[in-house]
Structure formats: C-alpha cells, structure tokens
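S.K.: Handing you a structure now.
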Amino acid sequence: MDSTWLIHLLALCALSTAVPSDDKKSEKPTPKEKKLTEKATTLADRSAILAFNLYQVMAKDKSLENILVSPVVVASSLGLVSLGGKDTTASQAKALLSASKLSDDYIHSGLSELLTDVSNATARNVTWKLGSRL
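As numbered in mature numbering (1 follows the signal peptide of the UniProt record, and there is no 0), residues -18 to -1, 1 to 116 make up the sequence shown, in order.
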C-alpha cells in the first residue's frame, strides 16, 4: 500500500512527458533573450546581496511582519544618492552598494541598463512602474 503512491507518481510523470501539450504547439517562438552587460550584471548581483542583507537585519526585529524589499528600488535609490551626493554621502552610498572601487559612470550606466531591462514590458510580459521618494 505504501509503494502504491510511488507507482502512481511515476506513471503520472511518464504520461506527462509522453503526451504533448496543446499549449506548446500554439506558442510563438520567443526572441533571443538579451544578455546584460558586465556592468548591469555586477550591479544586479551587488543589489541582490544588499537587499538580502537588509532583509536579514530587518527580520531580526520581531515587531516587523511581511517585509518586502526590492533590490532594484534600493539600488536605484542609492545610485541616485551617489550621483547627487557630495564626497561623504556619495562614498557612503557606493559603499552600501559594495561599489566603492567602481567609477560613477560604471555604476550609473549599469543601473540604467538594469532598470531598462527590468522595466521592459514586452520582454518580461509584465508592466513595472518604479517609484520612490528620497
């Protein structure tokens, strides 16, 4: 009796791979996915690490519930601060992004590409509206 569910599961898996789906026949070929440049990839990775670290710190506070952190919004906000800030403020924003050794042009062109890619409604089949206040 215990092995019956395993046999049924294996049979279901075999059937699902053997029978072609009608949806696959009607799908349009997807255009070749655009690769991000090194700048955008570097900043995406660093933004994700920052957001994860921020989440971990916030999660330690037991009074907070339902924490939502957007790495893109956090990174773009810090990018704006580093662009518009003076020496100390700009360096602190870059340090939070782990981008102290990166040039301003590198940071801003990478963030620009990242925001453009994330906001591309046709490539992602979603619509993003980014908004934040500083």
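C-beta: ideal position from N, C-alpha, C; glycine also.
1) From residue 51 to residue 25, what distance separates their C-alpha atoms?
2) Beta-carbon of residue 38 versus every beta-carbon of chain B: anything under 7 Å?
3) Count the other CB atoms within 10 Å of the CB of residue 54; is the residue buried (16 or more) or exposed (fewer)?
4) With C-beta atoms as the reference, is residue 91 less than 7 Å away from residue 21?
5) Which of the three DSSP states, helix, strand or coil, is assigned to residue 43?
6) Just the Cα atoms here: how many angstroms apart are residue 71 and residue 64?
M.R.: Taking the geometry as given:
1) Here the C-alpha atom of residue 51 lies approximately 16 Å from the C-alpha atom of residue 25.
2) Given the protein chain composition of this structure (a single chain), no chain B is represented.
3) Taking all protein chains shown into account, residue 54 has 16 or more neighbouring C-beta atoms within 10 Å of its C-beta and is therefore buried.
4) Against a cut-off of 7 Å, the Cβ pair of residue 21 and residue 91 comes out as a contact.
5) In this structure, residue 43 counts as coil in the three-state DSSP scheme.
6) Whole-angstrom Cα-Cα distance: 7 Å.
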